[in-house]
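The numbering used here numbers the first residue of the sequence shown as 88 and each following residue consecutively. Even for Gly, the Cβ is constructed at its ideal location relative to N, Cα and C. Here's the structure, in structure tokens; my notes come after.
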Amino acid sequence: SRLLHSAGVRTALLLASTFAAGSTTSHAQRILVADPTGPNGVRSYDIHGTLINASLIPGSTFEGLALAGSTLYVANPQAGVSGGDNSNNGKVGKYVLNTAGGVTSSNALFLAFSFSYSPWGLAVTPTNIFVTTNTNVIKYNLSGTELSVMGVGATNPYGVAVAGEERWTHKI
88 SRLLHSAGVR TALLLASTFA AGSTTSHAQR ILVADPTGPN GVRSYDIHGT LINASLIPGS
148 TFEGLALAGS TLYVANPQAG VSGGDNSNNG KVGKYVLNTA GGVTSSNALF LAFSFSYSPW
208 GLAVTPTNIF VTTNTNVIKY NLSGTELSVM GVGATNPYGV AVAGEERWTH KI
């Protein structure tokens, strides 16, 4: 089956790239795909579409992906966080990838959200991560401390991209 042959299924796609030693140019090494309706969570492919890891990060309902170096952030809007009435809280996981196609370390609950918010889209800069929720874009530092909440005038902003101090959202 072809890598992107998933008609009718919304997927998050990310090209993972690396810099060669002493080089200022980058080339993609892996393609990371999150399928929110599939049983395998995040899958990893080589740049030609050959499967490397069918369940790089196991789970389902994964939506947004963002990569900073070898650290992958994954939004899971329907993650079950046990306790009280908040069984459908969302979360953002933080995973360090290795060169063998696997995960070196993980923190599946890097950012936890209250019952009324679901994380969807992600963007990462060298110092911050931006997370879209049901109504806002929330800015955190890479240690997970909330820095600001930005109203963007959109209902359910699913995607976010950051360029300098600019940000754009896109509803899928």
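In this structure, residue 163 lies away from residue 186, with their beta-carbon atoms at least 8 Å apart. Looking only at 249, 224, 229 and 232, the smallest Cα-Cα distance to residue 239 is reached by 224. According to DSSP, residue pairing for residue 209 in a beta bridge involves 218. In the three-state reduction of the DSSP assignment, residue 158 falls in the strand class, which pools E and B. Straight across, the Cα-Cα distance linking residue 217 with residue 137 is about 31 Å.
In this structure, residue 222 keeps its C-beta atom at 8 Å or more from the C-beta atom of residue 208. The residues 147, in chain order, have a CB closer than 7 Å to that of residue 125 in the same chain once the five nearest residues on each side in sequence are set aside. Counting of Cβ neighbours within 10 angstroms places residue 206 among the buried residues, the total reaching 16 or more. Secondary structure of residue 183 (DSSP, three-state): strand. The beta carbon of residue 153 is closer than 7 Å to those of 160, 209, 210, 211 and 216 in its chain, skipping five residues each way along the sequence.
For residue 134, the secondary structure class from DSSP, reduced to helix, strand or coil, is coil. Within the same chain, Cβ atoms closer than 6 Å to the Cβ of residue 121 are found at 99, 129, 149 and 152, the five residues on either side in sequence being excluded.
Contact check for residue 231 against residue 184 fails: the beta carbons are separated by 8 Å or more.
For residue 197, the enclosing beta strand (DSSP E) has its first and last residue at 190–199. With distances taken between CA atoms, residue 144 lies nearest to 181 out of 181, 228 and 155. Residue 146 is bridged by DSSP to 127. Sequence-distant Cβ neighbours of residue 189 in its own chain, meaning closer than 8 Å and more than five residues away, are 140 and 143.
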